[in-house]
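Novice: I'd like to ask you about the structure that follows.
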Amino acid sequence: MAYPHRTGSLHLRQVFCRFIGNIPIGAFDEEDVVITHGGQHAITACLQLLLGKTDRHVAVDAVSYPGFWEACEINRVMAVAVPWDEEGPRVDDFERIVVEMGVRIFLTSSEINNPTLRSTTRERRFALARVARKYNVNVIDDDCYRVAPAEAELYRALLPETGWYINSLSKNITPSLRIGCVVAPKRRAGEFSRVVLMGTFGVSAALKHVAQYVLNHPRIEAIMTATAEEVDRYIKCALNHLGAVSVPYRPGVPLIWICLPAPWKSAEFARVAEKQGVLVEPATTFAAPDAAVPNGIRLSVNAAHGLEVFERSVEKSHILCATRRKK
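Every letter in the sequence shown is one number past the one before it in our numbering, and letter 2, counting from 1, is 156.
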């Protein structure tokens with residue numbers, strides 16, 4: 155009888171090093187990598203390690219992946235929204251929150267924000283990193299959505315002692331394989347690995363073997379390329395139908411952000427769309443109660459339903475966008 159242990163994940167950690175080797179996250183090797191049950195588990199485990207007895211708040215992008223807020227909730231801390239401008243999280247607001255609330259952790263996605271698909275500019279990343287370094291803030295960078303090459307250095311490269319990098323196979327291969335990884339700051343992988351081990355007794359050997367097989371498959375690059383191309387086919391379909399509506403998107407990323415025309419509000423649009431069989435996520439799902447909410451909805455690209463079903467959903471969304479509510 156043998157439970158999973160860190161040495162048993164060596165080969166998969168080496169494979170992950172190759173898988174993410176071209177991403178600008180600073181120097182790392184297999185000893186810095188910890189295998190997790192996907193991105194959400196990685197976020198939660200990072201908080202479990204980093205939160206102290208006196209911590210009450212965690213900084214979070216004002217409009218962001220709901221898993222950030224939920225991870226804070228189950229760890230019994232309050233998520234504090236950091237407002238964005240056109241370049242990313244505002245530096246002045248970030249520093250104010252850190253100083254006034256004693257924040258020591260920042261949850262963010264520098265490459266692709268879910269749901270808006272925006273990225274933080276290189277200059278803004280450096281500015282935020284300077285503040286984080288000044289106050290010894292740990293920055294957890296969720297990179298589970300990006301498919302194309304990174305736009306700039308991620309926070310682990312800028313903060314070697316307090317930058318945490320998260321990746322998973324969900325978007326470029328499959329979310330069904332609950333495997334991801336954390337690249338910890340230098341000399342911190344051991345303590346993080348202990349949190350993962352104590353929380354779940356580690357990732358099962360069977361799951362690690364499957365992930366290793368998938369990532370080592372001779373056609374894996376072709377499979378990931380084909381996956382991204384199929385996503386792009388759906389995105390192109392959406393763009394063709396939505397016409398003049400503003401639709402930010404990123405190649406290969408299975409999300410579309412639809413900017414709603416006035417007088418629509420995102421929550422009401424989502425309710426009306428659901429009555430017509432179209433499920434979308436309103437901006438309010440991704441925002442703190444007191445945050446300024448962009449007026450938009452997120453539409454997921456899910457090839458499991460087929461292009462015809464997706465196209466009908468987009469057509470209905472376009473018709474709704476063109477409809478003006480009666481006051």
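Every residue gets a Cβ at the ideal spot worked out from N, C-alpha and C, and that includes glycine.
With a cut-off of 8 Å on the beta carbons, I'd call leucine 393 and asparagine 292 a contact; round off their distance for me.
Specialist: About 38 Å; that fails the 8 Å criterion.
Novice: Rounded to a whole number of angstroms, what is the C-alpha to C-alpha distance between cysteine 413 and arginine 287?
Specialist: Using only the alpha carbons, I get a separation of about 35 Å.
Novice: I'd like the list of long-range same chain contacts for arginine 300, defined as Cβ closer than 6 Å, with 5 residues on each side in sequence excluded.
Specialist: Within the same chain, arginine 300 has close Cβ partners Glu265 and Ile266.
Novice: What are the start and end residues of each continuous beta strand (DSSP E) run of 3 or more residues lying completely inside the stretch 333 to 395, in chain order?
Specialist: For the stretch 333 to 395, whole beta strand (DSSP E) runs of length 3 or above, ordered along the chain, are 334 to 337.
Novice: Alpha carbon to alpha carbon, how far is threonine 270 from leucine 409? Give it in angstroms, no decimals.
Specialist: So the alpha carbons of these two residues sit roughly 9 Å apart.
Novice: Taking the alpha-carbon of aspartate 386 as reference, which of Asn370, His363, Leu164 and Asn326 has the nearest alpha-carbon?
Specialist: Closest option to aspartate 386, Cα to Cα, is Asn326.
Novice: Answer with buried or exposed for isoleucine 473, where buried requires no fewer than 16 other C-beta atoms within 10 angstroms of its C-beta.
Specialist: Counting Cβ neighbours within 10 Å, isoleucine 473 comes out exposed, since fewer than 16 surround it.
Novice: Can you name the residues that DSSP bridges to aspartate 295?
Specialist: Answer is Thr262 and Tyr319, bridged to aspartate 295.
Novice: Could you have a look at serine 454 and say whether DSSP puts it in helix, strand or coil?
Specialist: If DSSP states are grouped into helix, strand and coil, serine 454 belongs with the strands.
Novice: For alanine 196 and valine 336, which I take to be in contact (beta-carbon distance under 8 Å), what is that distance rounded to the nearest angstrom?
Specialist: Yes, they are in contact, since the Cβ atoms of alanine 196 and valine 336 sit about 5 Å apart, within 8 Å.
Novice: Express the C-alpha separation of serine 454 and valine 401 in angstroms, rounding to a whole number.
Specialist: C-alpha separation (whole angstroms): 13 Å.
Novice: Less than 9 Å separating the beta-carbons of glycine 320 and alanine 365?
Specialist: The displayed chain sequence assigns isoleucine, not glycine, to residue 320. Taking 9 Å as the Cβ cut-off, isoleucine 320 and alanine 365 do not qualify as a contacting pair.
Novice: Quick one: is histidine 191 buried, meaning 16 or more other Cβ sit within 10 Å of its Cβ, or exposed?
Specialist: Buried, since its Cβ has 16 or more Cβ neighbours within 10 Å.
Novice: With a Cβ-Cβ cutoff of 9 Å, do valine 236 and valine 253 count as a contact?
Specialist: No.
Novice: Within the same chain, show all residues whose beta-carbon is closer than 7 Å to that of methionine 378, passing over the 5 residues directly before and after it, in chain order.
Specialist: Cβ neighbours of methionine 378 beyond the five flanking positions: Asn326 and Ile327.
Novice: With respect to the alpha helix (DSSP H) encompassing alanine 225, which residues constitute its N-terminal and C-terminal limits?
Specialist: Alanine 225 -> alpha helix (DSSP H) spans 220 to 228.
Novice: Measuring CA to CA, which of Arg452, Ser467 and Ile374 is closest to valine 169?
Specialist: Of Arg452, Ser467 and Ile374, the residue nearest in Cα terms is Ile374.
Novice: Are the stretch 343 to 363 and the stretch 207 to 222 in contact at 8 Å, needing three or more beta carbon pairs?
Specialist: Contact between the stretch 343 to 363 and the stretch 207 to 222 is absent, because fewer than three Cβ pairs lie under 8 Å.
Novice: Could you tell me the alpha carbon to alpha carbon distance between threonine 161 and aspartate 444, rounded to whole angstroms?
Specialist: Straight-line Cα distance between these residues: approximately 45 Å.
Novice: Alpha carbon to alpha carbon, what distance is there between serine 467 and glycine 431?
Specialist: Cα to Cα, glycine 431 sits roughly 8 Å from serine 467.
Novice: Quick check: what's the CA-CA separation for leucine 308 versus alanine 398?
Specialist: Going by the C-alpha atoms only, they are around 34 Å apart.
Novice: Per DSSP, cysteine 413 forms a beta bridge with which residues?
Specialist: Answer by DSSP bridge pairing, in chain order: Gly450.
Novice: Is aspartate 247 helix, strand or coil by DSSP?
Specialist: Residue state, collapsed to three classes: helix.
Novice: Round the Cβ separation of aspartate 296 and tyrosine 219 to the nearest angstrom and send it over; I've been treating them as touching at under 8 Å.
Specialist: Confirmed, Cβ separation roughly 7 Å.
Novice: Give me, in chain order, the residues of the same chain whose beta-carbon lies closer than 6 Å to that of lysine 470; leave out the 5 immediate sequence neighbours on both sides.
Specialist: Gln430 and Val432.
Novice: Which of helix, strand or coil does DSSP assign to glutamate 240?
Specialist: Glutamate 240: coil per DSSP, three-state reduction.
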